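One structure below.
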Amino acid sequence: MAGHSKWANIQHRKGRQDAKKGKIATRLIKEITVASRMGGSSVDGNPRLRLAVDKAYDNNLTKDTVERAIKRGAGEVDGANYEEVRYEGYGINGAAIIVDCLTDNRQRTVAEVRHAFNKYGGNLGTDGSVAFMFKHCGTLLFAPGVDEDKLMEAALEAGADDVVSNEDGSMEVVTGPYDFVQVKETLAKLGFKSDAGEVTMKAQNEVVFTGDDAARMQKLLDAFDAVDDVQDVYTSAVIED
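Printed below as a string of structure tokens:
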């Protein structure tokens, strides 16, 4: 974490996401559909679906929209049949990138992802070329000023894997990917409400970008976001303002 502000970076990314609410809603509907198809339509019995539904409600999707997506995934309503595809590669200065997609046309998707890599100075790699550099986990970020000792005690009792203190004073609670909801809810009941949280692929080693390199790297990441089939983009790059 040295050399950059985790808190400022998260707030910057949240601001960019807020500007793309319509696209985020579409991606959440697709994720709910696939989660329901793969793990069943019971929210309580399907951790992936529970995560997707919670995220949908956090982003103000309506109950009717969520329920239609669940039914579509369960085969109760007709709809497109999406499959999961992951692409891995490198961006500016060798920063690792994972691009997760849900698609009904693999040829279209790989062509668009490869084009984004090539146009903005990246390179599409082979399966497994960078995934080992990331950890699949949940993260909960707490603003600077939170009581470090009390949060650490509560988080570990709630089932968290780790608690990290950042240089800017913020605290990050790390969970297993499917323990995320339980830990988040338990901490909230104890008075620790996170300011940001997600299940993600967390880079083990981050690369800080500033100046022109930061602008170039952001263009590459934005190019992936512009691809309709892209669900999530994970990178070891940390882009500072």
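Taking the working numbering, I'd label the letters of the sequence shown as residues 775 to 1015.
Glycine included, C-beta positions come from ideal geometry on N, C-alpha and C.
Fair warning: this is a prediction, and the values are worked out from it, not measured in the lab.
Outcome for residue i when other beta-carbon atoms lying within 10 angstroms are tallied against a minimum of 16
i: residue 963; result: exposed
i: residue 893; result: exposed
i: residue 877; result: buried
i: residue 941; result: exposed
i: residue 821; result: buried
i: residue 840; result: buried
i: residue 847; result: buried
i: residue 1019; result: With the chain running from 775 to 1015 in the structure shown, residue 1019 is simply not present.
i: residue 886; result: buried
Pairwise C-alpha distance: residue j and residue i
i: residue 776; j: residue 837; result: Per-residue confidence for residue 776 stands at a pLDDT of 39, beneath the threshold of 50, marking its modelled position as unreliable; the derived number appears in the next sentence. If you take the alpha carbons of residue 776 and residue 837, they lie about 42 Å apart.
i: residue 957; j: residue 934; result: 6 Å
i: residue 1009; j: residue 999; result: 13 Å
i: residue 906; j: residue 806; result: 26 Å
i: residue 1002; j: residue 923; result: 43 Å
i: residue 808; j: residue 953; result: 20 Å
i: residue 983; j: residue 900; result: 24 Å
i: residue 870; j: residue 829; result: 26 Å
i: residue 920; j: residue 931; result: 17 Å
i: residue 898; j: residue 976; result: 20 Å
i: residue 816; j: residue 959; result: 19 Å
i: residue 945; j: residue 969; result: 10 Å
i: residue 1055; j: residue 910; result: This structure leaves residue 1055 out entirely; the chain is present only between 775 and 1015.
beta-carbon residue i near the ligand NAD non-hydrogen atom, thresh 7 Å
i: residue 999; result: For the ligand NAD, the structure offers nothing, since it holds no ligand at all.
Minimum C-alpha distance to residue i - residue among the options
i: residue 949; options: 939, 816, 992 and 914; result: 914
i: residue 865; options: 879, 884, 875 and 891; result: 891
i: residue 797; options: 1012, 1014, 996 and 1013; result: 996
i: residue 845; options: 929, 937, 811 and 867; result: 811
i: residue 980; options: 879, 799 and 1012; result: 1012
i: residue 990; options: 951, 868 and 910; result: 868
i: residue 852; options: 859, 843 and 994; result: 843
i: residue 917; options: 938, 903, 986 and 902; result: 938
i: residue 951; options: 945, 986, 988 and 971; result: 971
i: residue 859; options: 802, 881 and 833; result: 881
i: residue 912; options: 973, 854 and 925; result: 973
i: residue 875; options: 818, 801, 936 and 827; result: 801
C-beta contact flag for residue i and residue j at 8 Å
i: residue 955; j: residue 825; result: yes
i: residue 908; j: residue 978; result: yes
i: residue 861; j: residue 804; result: no
i: residue 873; j: residue 1007; result: yes
i: residue 863; j: residue 895; result: no
i: residue 799; j: residue 835; result: yes
i: residue 988; j: residue 961; result: no
i: residue 925; j: residue 966; result: yes
Beta-bridge pairing of residue i - partner residues as DSSP gives them
i: residue 908; result: 977
i: residue 834; result: Beta-bridge pairing links residue 834 to no other residue.
i: residue 874; result: 860 and 1006
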